[in-house]
Structures are given as structure tokens and as C-alpha cells.
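A short write-up of the structure that comes next.
Number of protein chains: 2
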Amino acid sequence: MLQGKTPRVTIQDVAALSGLSICTVSRALRNLPNVSEAAQTRVSGAAAKLGYKASSAASRLAGGSTGSVAIIAPTATAWFFAQAVEAAEEVFADSGYDTVLISLRNRPSLARKLFADLEGLSQRVDGVLLLNIALSEAEMAALAGSGLAVASVGMHDVPWDNVGIDNEDAAHAATSHLLGLGHWDVAMLAGSEIGEPSLVTANERLKGFERALDEHDLTVDPDLVIDAGSSIEGGRRAMTELIENRRMPSAIFAGCDETAFGALMAVRDLGLSTPKNVSIIGIDDHQMSWFLGLSTIAQPVADQGAFAANLLIERLHRSGLPNPPASHVLETKLVERRSTRRRR
Amino acid sequence: MLQGKTPRVTIQDVAALSGLSICTVSRALRNLPNVSEAAQTRVSGAAAKLGYKASSAASRLAGGSTGSVAIIAPTATAWFFAQAVEAAEEVFADSGYDTVLISLRNRPSLARKLFADLEGLSQRVDGVLLLNIALSEAEMAALAGSGLAVASVGMHDVPWDNVGIDNEDAAHAATSHLLGLGHWDVAMLAGSEIGEPSLVTANERLKGFERALDEHDLTVDPDLVIDAGSSIEGGRRAMTELIENRRMPSAIFAGCDETAFGALMAVRDLGLSTPKNVSIIGIDDHQMSWFLGLSTIAQPVADQGAFAANLLIERLHRSGLPNPPASHVLETKLVERRSTRRRR
DNA sequence: GCCAATTTTGTAAGCGCTTACACTCGACTT
DNA sequence: AAGTCGAGTGTAAGCGCTTACAAAATTGGC
């Protein structure tokens, strides 16, 4: 509090130093057209010398941009989201944007409330990056028409840029790996909890599973498709249920690595072991998967976050409309580890 | 873009509806003194009916608050920080604040740059929540005098509110647990990488380790204190080095659970097993520790984040100075699992 | 009941920036 | 050489809010 308050460098100061009007300075600083090169250099020189940084509040109020974007995630603690958030934050920070983190804490009601007040949101940020958010048609339309720039990760049929992986393909690859090892009795720990944001994702993975079986002329045994949500605990519960009350298959395809962890745990707790009694494969390549020797379909998580963030930034920079939304699909890769092996 | 742009509800509208001046409205809305109860109710009624929300940009520009706070973390991906960030974000959101996430991405240079421009920071947020940030004396002083409200987690000797655990105590408890099980040959996987933000933390834990040994009339064998940083990989490397090039102790105290994971992995990869050949204990109670059967000293991570966030909010609300900074210490608890057992 | 002291309320001046609009001035037409 | 055009620049009017300061309403003491 005793600090000598620096009086703040305003655009006026820059104008004075450069001998131009604040209007010209404003335009020069934002690289708008109709500014001579001479003016341009004088302005940037003066700004640099003064260490001038525009007040985001003033800029925003006057109709400019806020200089910040929001990342909206179902939760910030899950491995996937934490990775994606950090990668996106890096891109935003490097582009000079502040990142406002909004976690929905797995509560759909929070999402509804947030998207009901898009006006409020668009007042505070220039754009939003959606991570696996389940949106109603109406919400999508409202968001698309809100004036906010939008990009997303892991979403489908959205009217803005999206980046993700081919979930059906990944599930197909995982299942095929099992099938290729001679397992013909494969169960799937599917993720589809009510209200779960990644429901679509879960369904696609289920489809890939079914397709792989189909290609091997196998039919899906309903008893061997069990709901496991997408948490460790859910995986453990589902696996236990499977073994104790249904039937022990020779291989398991878990909808995601965390589910697989739970399955691994259940197997161990039941006195069995992997891959001796059962082969298990997941999807993600979670940080701990390597440690646990879990075979999996690796997906580039940080890349997805960074890629989507870059798309958003691009939209922000050229608000010119001639830019139809695109969907980018990133590659996944089978990673074989100890948890899967040939059926004997 | 086709949306019928709602013309935005301004303070003027509220003033008109309530039949008062914008000045009175402004004061009423912010619960300032010198507003009659009658006015107060009329204003809040009108505001509610109109769904009025103040423009943070305008408010900020006019000298008010920004309505947002920053969380500054060494990285957003580590388990500890992800937990703390989410917990804090929840508190902030519930108090109506936007949360700006700033990850230092483990790069000290980013921290230096950030704290060199406190003016810029304080222009965008009202307060900051520091998570385990290593600050120089000068930076601390500058931050304390910046006008920003500050609170922190896991820091020491800071001129603002802090919440954390007693690291020395936790380390002492972990080591004592091992000693109590008859292990007299205990190694420590210490965390102290250069530039590591939690250096102080690491040192305190080392001190607790030494104190426990001392109490049992044991001396610290320098060969058995090895640097492991605080990552899985670091733990693995350190443990391997220990076993292969130094000496195999009968028990290991790992500075944090992630280091312990690495140790567990190294032990396994060397054909040994836990707790048969070596007992291992960590600190944290990471989500996976339960899964891996790792004994540990549990610390309330989310609570620390939420607590500190609440302290920050409190500061923000009553900027009245009569409130000396306090340091809050949260309890830790020994959690015994499979990884530790009595020495035979 | 009247005047000073004390609320309560209103007026108006910005905060720092963007932007519609007006203006200047050479370069081109014809 | 007068007239047109457009690039480059400046003027000034806000954006929606906070906050001195002034004005009005209320209170209380004698």
C-alpha cells in the first residue's frame, strides 16, 4: 500500500509521445487498415518505450475485446481434462489471452445455468473452448448465435470447429487387438452414466466394439456389455459384478483407462490376475497406464486441447466469416503392454 | 449472428424502474452505507425483475472491482494442483467470481515475468490465490503492496493468509510409522529439484525424517537420502539408483506419493516386491494410492484449496485492514495399506 | 417550531478505450 | 486546372459504471 502508485500509461500518453491522435494510435495498435507505415512505427515505438498495455476493461467497455477466453470442462480434476486444460491454457497465454476456467463439477444443472446466461458470459470473454460438454440443440444454437467464438474438443455435429479422435475407430482397434490375440469371448465395460457428458463418446465406442465383433462373425452377448461409467470405482464395480454374477470372459475392453484400472483392481481383489486369467485393454493412455502395464489405445490429449485452442484463437483474430466450421480428427495408436496376451 | 440482440440491461434501466438515480442504485447494489431500507428493497426488486447484472468491464474501468481472481499454480496437471484448483474454483464461482487460471508450467521464467508485471495483473483481477509458488523476497513485498488481495496454499512466512499442512510433522509421522514397524534402515526419496517450487516443503519433510530417526537414536546415512524430485519418473530413477549403486534399505519414506509410485515400479522391475523386500510409505494419499495399496500420510488437498479460496474471498469483501494475515495448518492422517509391514 | 447536524439522494465528471464521422491532402480523372 | 476520390488522420461521442460533491430530506435539540 505504500507503493508509489505508477499513474498508469494510457493511450493518451502514447499519442502524446508519438505526436499522433489517440484514434490513430488505437488503430495502429490493433493493426487496422488506413494507418501509414510511418505512423505505425512511431506508435509502436512510443508504446514500447512507455511499456504501454491497453486496459482490457476500457477496451471491452468501448466495444473491443476482453482479451480473455473461457475453458468449460465437466470437471477439472479428471486426468483427461487437466491435461487438455493445461495445454489450452498454454496456447491462450502465449497469444496474450487470459484463461477463465469454468468447471461444471459434473453437475448438469451448472451447465444449464451457464448456458442460459450467454449474454453474461459473452460480456466477460471473447470466446469459449468446450471440452466434452453435452449441449441441447437450443443451447448449441444460442451459443452459435451469441457472438462468442467457439471451439470444442470431443464433441459432435457442432456448428463450430471441433477436434477429437475417432472413438468408434479406437474402440474397434482395441477390440480387434483382443480378437486378434485369439479371444472370442470379450466383454465391454461401457461408459454411459446418466447425465454423463461423454455419452455420445461412450456410444461410439460401443459401436466400434460391436463392429469389431461383427467382423469376426461374433455376436454381442448382452451379459458381457456392462455399464461402468468412466471412473475407477465404476470400473471396479462393473468388473466385480461381471465376474461374480454374470460370466468371466477371457478378455475385457474397457471404455477408458480409468475404468480399466478399476477392472484391474477388481481382478486382483478376486484373487485372479492379468493377463493370466483375463486380458484387459483400455482407451486413453493415462499417465498411470504405463506404470500398470495396461494395454491401451493412446489418444493425444494435450494435442487436442492445444489444437482446439489454436482454432479458437484463429477465429478470434479473423472474425471474417468466410470460414466454415471444420472437424479435425486426431490419430490414435495401439499401445501393447502386459495386460493383454494371446489366449492359450 | 441472427439473434435479436438484447439491448443489455444497464444500471440506468434499474434506476428508471426503481425511480431512483443511478448513483443510489449503484450504492444499493453494492451494499454501501447511506441507503435507506426502502431504496434498498426497491432497487434489488427492480434489479431482479430486469435480471440486471453489472458490467464487470464498466465497473472495473470506473474504479470498482473486476469480479475475478487468479489462481496461480506451478502446473495444472499434477494431481495435487488439479484438486486444489477445482476446489478453489468452486468457492470462487459460488461467490460470483470468475477464476482466471494461470499455470506456470513448471517454468520459473514464467513466474518471474508474471510477478514483474503486477500492475497488469491487478488490472485484470481483484485477488490471487498462490499454490506452492516460490517467490523472492522482492516479489513478495511487491505483491503484498500491489493492492491485490492475496492468499496461498503451502507457502511459508508470507505476509498474507496461508493454509497448508505441517510438512515436518507429516514426514515425522511417516518415518515413525516405519520405525515403529521395526525398520531401522530407512531411506528417504527426497524432493528438491532445482527450481522446484516446493523446495521449502521438501526441506521440511527432510527435517521431519531426520527428527524421527534422531528420536530413535539413529543417524542419517547420507547414502540413504536421495534426490527424487517429486515425479513418478524421478522416484523410479532414484529408487533404481539406490538399489543398484548404493544399498538396499528395509524401508523407504518417499517425499510424496508420486515418488513412491516410481519407487514401487522400480522395485517391481528389479524383480523384488513390496512389502516383502521393502516397505514404502509416501505423503499425499493420491487417488491411485489406494489402488496401489500404498501406505501414506493423507493430506486434505481439496480442503486446502477451498479454505484458502474462502480466506481470499473474505479479504476481498472486507478490505478493511484490521485483519492480520494468519497461517492455518490442516491435519494429516496416517493411512496404513499393503506397502508397509513389520520387519521380520 | 426553528436551525444545525445528519442522513439520504441526485448531479456530473470522469475511467481508458473504440468508432462514426468529418476533415485534410495528394493523386487521378476529364 | 477544376473536380473527384480515397488514404490517412483527427474530433468527439459514448460504452456502463463509480464517486466526489452538491442538494434535498430528515432528524433532533432547545
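In the order they appear, the protein sequences are chains A and B.
Residues 1 to 344 in this note's numbering are what the first sequence lists, from first letter to last.
Residues 1001 to 1344 in this note's numbering are what the second sequence lists, from first letter to last.
Each residue gets a CB set at the ideal place from its N, CA and C atoms; glycine is no exception.
Close-in-space but distant-in-sequence residues of the same chain around residue i (CB under 8 angstroms, 5 per side omitted)
i: GLY96 (chain A); result: GLY67
i: LEU1330 (chain B); result: VAL1163, GLY1164, ILE1165, GLN1299, PRO1300, ASP1303, GLN1304 and PHE1307
i: GLN3 (chain A); result: Here the model assigns GLN3 (chain A) a pLDDT of 41, short of 50, so the residue's position is not dependable and the matter cannot be decided.
i: ALA1251 (chain B); result: LEU1178, LEU1181, HIS1183, ASP1185, VAL1186, ALA1187, VAL1278, SER1279, ILE1280, ILE1281, THR1340 and ARG1343
i: PRO1325 (chain B); result: VAL1158, PRO1159, TRP1160, ASP1161 and ASN1162
i: GLU1336 (chain B); result: HIS1177 and SER1295
i: ARG1124 (chain B); result: THR1066, SER1068, ALA1070 and VAL1100
Unbroken beta strand (DSSP E) run spanning residue i, endpoints
i: GLY164 (chain A); result: 161-165
i: ALA149 (chain A); result: 149-153
i: SER327 (chain A); result: 327-330
i: ASP227 (chain A); result: 225-227
Beta-bridge partners of residue i, as assigned by DSSP
i: ALA101 (chain A); result: Note that residue 101 (chain A) is Leu in the sequence shown here, rather than Ala. Answer is A:ILE71.
i: ALA1251 (chain B); result: B:VAL1186 and B:SER1279
i: THR296 (chain A); result: A:GLY282 and A:VAL335
Residue i: first and last residue of the uninterrupted alpha helix (DSSP H) it sits in
i: ASP1013 (chain B); result: 1011-1018
i: THR24 (chain A); result: 22-29
i: LYS113 (chain A); result: 108-116
i: ALA1054 (chain B); result: ALA1054 (chain B) -> no alpha helix (DSSP H), and no H or E assigned at all.
i: ILE243 (chain A); result: 232-245
i: SER289 (chain A); result: 287-292
i: ILE1313 (chain B); result: 1301-1317
i: LEU347 (chain A); result: Here chain A comprises residues numbered 1 to 344, so residue 347 (chain A) is not present and cannot be evaluated.
i: GLY127 (chain A); result: Taken as a continuous stretch (DSSP letters only), GLY127 (chain A) belongs to no alpha helix (DSSP H), being part of the beta strand (DSSP E) at 127-131.
i: LEU1181 (chain B); result: Here LEU1181 (chain B) belongs to no alpha helix (DSSP H), and DSSP marks it neither H nor E.
i: THR259 (chain A); result: 257-269
i: ASP1094 (chain B); result: 1079-1094
Close Cβ partners of residue i (< 6 angstroms) along its chain, the five nearest in sequence each way excluded
i: PRO33 (chain A); result: none
i: GLY182 (chain A); result: ARG342 and ARG343
i: LEU1316 (chain B); result: ASP1126, GLY1127 and ALA1149
i: LEU206 (chain A); result: ALA190
i: ILE313 (chain A); result: SER95
i: GLU1204 (chain B); result: ASN1167 and GLU1168
i: GLN40 (chain A); result: ALA28
i: ARG1008 (chain B); result: none
i: SER1115 (chain B); result: Just to set this straight, residue 1115 (chain B) is Phe in the shown sequence, not Ser. GLU1139.
i: TRP79 (chain A); result: HIS286
i: ASP13 (chain A); result: LEU50
i: GLY1216 (chain B); result: Looking at the sequence itself, residue 1216 (chain B) is His, so the reference to Gly does not match. Excluding sequence neighbours, HIS1216 (chain B) sits near LEU1179.
Own chain partners of residue i with C-beta closer than 7 angstroms, once the 5 adjacent residues on each side are dropped
i: GLY195 (chain A); result: Here GLY195 (chain A) scores only 46 on pLDDT, less than 50, and its place in the model should not be relied on; the value that follows carries that caveat. Contacts found: PRO108.
i: ALA1015 (chain B); result: SER1021, ILE1022 and VAL1025
i: SER360 (chain A); result: Within the shown structure, residues of chain A are numbered from 1 to 344, placing residue 360 (chain A) beyond reach of any answer.
i: ALA212 (chain A); result: HIS172, THR175, SER176 and LEU179
i: ASP1256 (chain B); result: What sits at residue 1256 (chain B) in the sequence shown is Cys, not Asp. These residues qualify, in order along the chain: GLY1191, SER1230, GLY1282, ILE1283 and ASP1284.
i: SER1056 (chain B); result: THR1066 and GLY1067
i: PRO1275 (chain B); result: ARG1338, SER1339, THR1340 and ARG1341
- Message: Against chain A, which members of the region 1078-1111 of chain B pass a CB distance test of less than 7 angstroms?
- Response: Cβ contacts with chain A: ALA1082, GLN1083, VAL1085, GLU1086, GLU1089, GLU1090, ASP1098, THR1099, VAL1100, LEU1101, SER1103 and ARG1105.
- Interfacial residues, the region 1116-1133 of chain B to chain A, with Cβ spacing under 7 angstroms: Contact annotation: in the region 1116-1133 of chain B, residues whose CB is within less than 7 angstroms of a CB in chain A are GLU1119, GLY1120, GLN1123 and ARG1124.
- Item | At least three beta-carbon pairs within less than 8 angstroms, the region 284-301 of chain A to the region 260-268 of chain A | With a cut-off of 8 angstroms, the region 260-268 of chain A and the region 284-301 of chain A count as touching, because enough Cβ pairs lie within range.
- Query: Using a beta-carbon distance cut-off of less than 7 angstroms, what residues from the region 50-63 of chain A approach chain B?
  - Reply: In summary, the residues of the region 50-63 of chain A whose CB is separated from some CB of chain B by less than 7 angstroms are LYS53, SER55, SER56, ALA57, ALA58, ARG60 and LEU61, in the order they occur in the chain.
- Query: Does the region 1169-1189 of chain B come close enough to the region 1202-1219 of chain B that 3 or more CB-CB pairs lie under 8 angstroms?
  - Reply: As far as the Cβ criterion goes, the region 1202-1219 of chain B touches the region 1169-1189 of chain B, which means the pair count is three or higher.
- Chain-ordered residues of the region 1278-1303 of chain B with a beta carbon less than 8 angstroms from chain A: The residues in question are GLN1287, MET1288 and PHE1291.
- Message: I'd like to know if the region 97-104 of chain A and the region 1086-1106 of chain B are in contact, where contact means that at least 3 CB-CB pairs between them fall below 8 angstroms.
- Response: Taking 8 angstroms as the limit for Cβ pairs, the verdict is that the region 1086-1106 of chain B does touch the region 97-104 of chain A.
- Task: Output, in sequence order along the chain, the residues in the region 244-265 of chain A whose CB is closer than 9 angstroms to any CB in chain B.
- Result: Cβ contacts with chain B: PHE261, GLY262, LEU264 and MET265.
- Taking a cut of 8 angstroms between CB atoms, which residues from the region 1217-1237 of chain B lie near chain A? Cβ contacts with chain A: ILE1232.
- Do three or more CB pairs link the region 1144-1160 of chain B to the region 1233-1249 of chain B at distances below 8 angstroms? Result no; under three Cβ-Cβ pairs closer than 8 angstroms.
- Query: Mind listing which residues of the region 1007-1023 of chain B have their C-beta closer than 8 angstroms to chain A's C-betas, in chain order?
  - Reply: Cβ contacts with chain A: ARG1008.
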